[in-house]
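Comments concern the structure below.
Residue numbers (the numbering used here): 2 to 80.
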């Protein structure tokens, strides 16, 4: 089970910084003005870890501690 937000929506602050969701204030995934954040290494790694159910507590602190990370069902779709 995993959070689907990193596959469907990301949160962008006024400076262009990207976060996995509106609750994640420490997990910066990059900046919208500096490259392809949607397909960048940080978001791809977060997706892999969520898919496996093994989120790094240091790199993705917000997601690791989030009560929603276990919500949802794997529906057979790959990363």
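The beta carbon of each residue, even a glycine, is placed where N, CA and C say it ideally should be. The structure presented is a predicted model; accordingly, all values stated were derived computationally and were not measured.
> Tell me the DSSP bridge mates of residue 19?
Replying inline: 13 and 31
>> Suppose contacts are defined by Cβ-Cβ distances below 8 Å. Is residue 28 in contact with residue 20 by that definition?
In response: yes
>> residue 23 and residue 69 - do their beta-carbons sit closer together than 8 Å?
In response: no
> Using the rule of at least 16 other Cβ atoms within 10 Å of the residue's Cβ for burial, across every protein chain shown, is residue 14 buried or exposed?
Replying inline: exposed
>> I'd like the span of the alpha helix (DSSP H) that includes residue 64, first residue to last.
In response: 62-66
> Between which two residues does the alpha helix (DSSP H) carrying residue 52 extend?
Replying inline: 42-53
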